[in-house]
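Peer 1:
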Amino acid sequence: MSFNTFGHLFRVTTFGESHGPALGCVVDGCPPRIPLEAADIQERLDRRRPGQSRFTTQRREPDAVKILSGVFADPQSGAQVTTGTPIALLIENTDQRSKDYAEIRDAYRPGHADYTYDAKYGLRDYRGGGRSSARETAARVAAGAIARKVVPGLVVRAALIQVGRLRIDRARWDWAEIDRNPLFCPDATAAEAFAAHLDEVRKAGSSVGAVVEVVAEGVPVGLGAPVYGKLDADLAAALMGINAVKGVEIGAGFEAAALSGEENADEMRMGNDGAPRFLSNQAGGVLGGISTGQPVVARFAVKPTSSILTPRATVTRFGEETDLLTKGRHDPCVGIRAVPVAEAMVACVIADHYLRHRAQVGDTPAWPFTRPAGSPEQVPLPESKASR
Ligand SMILES: Cc1cc2nc3c(=O)[nH]c(=O)nc-3n(C[C@H](O)[C@H](O)[C@H](O)COP(=O)(O)O)c2cc1C
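Heads up: the sequence shown begins at 40 in the numbering used here, then just goes up one per residue.
1. Does the separation of the CB atoms of ARG376 and THR95 fall below 8 Å?
2. What first and last residue would you give for the alpha helix (DSSP H) that runs through LYS19?
3. GLU359 by DSSP, collapsed to three states: which one?
4. Under DSSP, the alpha helix (DSSP H) around GLN81 begins and ends at which residues?
5. Which stretch, first to last residue, makes up the alpha helix (DSSP H) that contains ARG376?
6. With H, G and I counted as helix, E and B as strand and the rest as coil, what does DSSP make of THR124?
7. Could you work out which residue in LEU326, ARG356 and VAL373 is closest to SER345 when comparing CA atoms only?
8. Enumerate in chain order the residues of its own chain whose CB-to-CB distance from PRO71 is below 8 Å, with the five nearest sequence positions on each side excluded.
9. Work out the CA separation of GLY167 and ALA152 for me, nearest whole Å.
10. GLY55 and GLY63: beta carbons closer than 8 Å?
11. Please classify GLY313 as buried or exposed, where buried requires at least 16 neighbouring CB atoms within 10 angstroms.
12. Relative to ligand 1, is the shortest distance from any of its heavy atoms to the C-beta of SER116 smaller than 7 Å?
13. Which of helix, strand or coil does DSSP assign to LEU274?
14. In the DSSP assignment, what are the bridge partners of ILE185?
15. Taking 8 Å as the cut-off, decide whether the C-beta atoms of VAL400 and ALA340 are in contact.
16. Taking ASP134 and GLU100 to be in contact with their CB atoms under 8 Å, please state how far apart those CB atoms are, rounded to whole angstroms.
17. Please identify the residue among ARG187, CYS224 and SER171 whose C-alpha is closest to the C-alpha of ALA198.
18. According to DSSP, ASP67 sits in a beta bridge with which residue or residues?
19. Whose CA, out of ALA275, ARG144, ARG219 and GLY161, lies closest to the CA of ALA381?
20. Is it true that the CB of GLY268 sits closer than 8 Å to the CB of HIS236?
21. Quick one: any contact between the region 187-194 and the region 360-371, if contact means 3 or more CB pairs under 8 Å?
22. So who's on the other strand from VAL110, going by DSSP bridges?
23. Taking buried to mean at least 16 other C-beta atoms within 10 Å of its own C-beta, is ALA398 buried or exposed?
24. Would you say VAL380 touches ligand 1, meaning its beta carbon is less than 7 Å from a heavy atom?
25. Using the three-state DSSP reduction, which class does GLU422 fall into: helix, strand or coil?
26. Hey, quick one: how far does the alpha helix (DSSP H) through GLY300 stretch, first residue to last?
27. With a CB to CB cut of under 6 Å and the five nearest residues on each side skipped, what residues in its chain are close to PRO74?
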């Protein structure tokens, strides 16, 4: 009965709670001889760290990572590399304030996992939500930093594209922008509008939802396996597994329902590099559960932060009705800090599928194939409309 592990060959197990002494993960199955320093992981954790702007929780956690196992000096270069054995990573909790949570020991916070944990297990760690807290996502980000190194040329980036009803203008998308504003927003103008809106929301003690988009480039063709190991299905599960996520879509996603077949099916031509060139990417880089070599694009919606400063109707674990106002330190919009978490989850899924593909298929067959002697050539339609 283990539900704290994901991945088949690149296998991540996380442990720890919001207010325990530490949290972390064990990454098993990482190939050997990959250069890995704590600084590589720290860099990623620093992007997720709380308390970095007025838009995220003021809990102060250094999120300093220690590599406990799975690395050693390379005999040739002397650089620290992975050994192929389990890599254990530890992040200590230093800024727990359990007193913030004394009032909710018996009362369930609406929108949180309090009732479901209690009803299922008969007890719950009420300090900051225990295991259900998004503190756990620090361990995922740490694992993701390793996953990125497994797939050569892989670049996974995510961005905040919607806050409440405000959306970015995709024509202004600039990846460089995500490191220039504290919201990971790729549109500088929208970032200002988002910030102004978030200030209002924060001052009102309320919260707002968001949409995050993740793009993975450098994903080779062939990752993902029909029918129960589809890349898009595993991505959806991984992203849905992030706290507060209520919807996931791949490529055109829910918009695909409103498109015609002509608009939706990505046409193909031959590229100059000998690989097919897709004329669009409504599929989000996945066909039949297998990567096409196009960027893999996923999007997800997060719900508004449940902890707000307005009293809400609830019940206690003893069946009494009460009202609850959730004090403590909270993100007014969890979509911001979900951005690095999203990148990590996608990197882990792709690394896992990369290793699975290599294990089953070895090298992807050389494409295009040679036409067998005597096989008739393809005759183009006389009046093909697909003439781009
Ligand atoms: C990065 C991140 C930070 C979060 N911070 C908060 C928070 O400060 N306050 C809160 O009420 N929920 C926060 N959440 C959401 C809760 O963890 C989540 O809603 C809760 O555990 C219930 O789980 P569910 O929404 O997935 O059903 C955060 C989520 C993420 C991804």
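Cβ coordinates follow ideal geometry from the N, Cα and C atoms, glycine included. The structure displayed is predicted, hence computed values, not measured ones.
Peer 2: Answer, in terms of the structure:
1. yes
2. Outside the shown range of the chain (40 to 427) lies residue 19, about which nothing can therefore be said.
3. coil
4. 77-87
5. 374-400
6. coil
7. VAL373
8. VAL120, THR121, THR122 and GLY123
9. 11 Å
10. yes
11. exposed
12. no
13. helix
14. For ILE185, which the question treats as bridged, DSSP gives no partner whatsoever.
15. no
16. 5 Å
17. CYS224
18. ARG50
19. ALA275
20. no
21. no
22. THR121
23. exposed
24. yes
25. coil
26. 300-303
27. ALA118 and VAL120
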